[in-house]
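**Q** One structure coming up, written as structure tokens, with questions to follow.
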Amino acid sequence: MPSVEVTEVCFRKLKAFKMIADVVLKEELRDELSYTELVMTIGLETMLRDVLPTSEGFMPDIFIAMFEENPEFVSDFIAGMLKKGELVRARKEKELGELWSRYIG
């Protein structure tokens with residue numbers, strides 16, 4: 007199984023967040039790996055939604071479902087569209103860049 011290293015600060019936040027997850031889920035998960043996967047899965051889905059358009063008629067849930075089935079293809083497709091500027095405007099890209107960069111140590 008692949009392993010992921012995180013900073014002490016990030017790990018501290020993850021361990022503390024367990025209390026919130028337990029209340030929301032109304033149960034404790036079996037181990038720290040389960041909490042880590044929960045946070046990463048929700049985080050990835052949220053970040054994917056951040057880059058998808060919000061226009062009427064667009065169905066982001068389809069992209070989310072496709073990402074579950076084939077994350078490499080969907081990521082490659084969306085990254086290509088972002089580079090071409092077809093999914094989000096430059097302003098939105100700047101906002102996301104600033105939002106996401108605050109999480110980088």
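Residue numbers for the sequence shown follow the working numbering, so the first one is 7 and each next one is one higher. Ideal Cβ placement from N, Cα and C applies to all residues, glycine included.
Looking at LEU54 and LEU44, is the spacing between their C-beta atoms short of 8 Å?
**A** Going by C-beta atoms, LEU44 is not nearer than 8 Å to LEU54.
**Q** Return the Cβ separation of ASP112 and LEU102 in integer angstroms, given the expectation that the two are a contact with Cβ distance under 8 Å.
**A** This structure does not reach residue 112, given that the chain is present from 7 up to 111, and the question cannot be answered.
**Q** Who are the near neighbours of LEU50 in its chain, counting only those whose CB is closer than 6 Å to its CB and skipping five residues on each side?
**A** none
**Q** Using the three-state DSSP reduction, which class does SER9 fall into: helix, strand or coil?
**A** coil
**Q** Using the three-state DSSP reduction, which class does LYS98 fall into: helix, strand or coil?
**A** Shown here, LYS98 sits in a helix according to DSSP, grouped into three states.
**Q** Can you tell me which of the three DSSP states ILE110 falls into?
**A** coil
**Q** Determine the extent of the alpha helix (DSSP H) in which ARG55 is found, giving its start and end residues.
**A** 38-57
**Q** Check for me: the alpha helix (DSSP H) holding MET87 runs from which residue to which?
**A** 77-90
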